[in-house]
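Numbering (my numbering), first residue to last: 344 to 424.
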């Protein structure tokens, strides 16, 4: 049986721009109860840079694909509009 403190939430971050970079990606990477499981951004260069920095399990260029991932448990929407 998994103890509650051992259970880590698999989080995806939608958007890799300034909002995500200054708050959400770092927080997910440092969280004791969550893993940065996936990131998504329409800009391939930004997606690649943030992927290299934070090393999520999955990277997506399309949010529909990320949201369809059955392993994803929570999503942070970090887009400006």
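The C-beta atom is built at its ideal place from N, Cα and C for all residues, glycine as well.
Which word fits residue i, buried or exposed, when buried means at least 16 other C-beta atoms lie within 10 angstroms of its C-beta?
i: residue 352; result: exposed
i: residue 358; result: buried
So if DSSP puts residue i in a beta bridge, which residue, or which two residues, is it bridged to?
i: residue 352; result: 377
i: residue 403; result: 383
i: residue 357; result: 383 and 420
Determine the extent of the beta strand (DSSP E) in which residue i is found, giving its start and end residues.
i: residue 417; result: 417 to 420
Spatial neighbours of residue i within its chain, please: C-beta separation below 6 Å, excluding the five flanking residues on both sides.
i: residue 389; result: 359
Could you pull out every residue in the same chain whose Cβ sits closer than 8 Å to the Cβ of residue i, ignoring the five residues on either side in sequence?
i: residue 420; result: 357 and 358
task = Could you tell me whether the segment 397 to 413 touches the segment 370 to 383, where touching means 3 or more Cβ pairs closer than 8 Å?
result = In the pairwise beta carbon analysis, the segment 397 to 413 is classified as touching the segment 370 to 383: at least three pairs are separated by under 8 Å.
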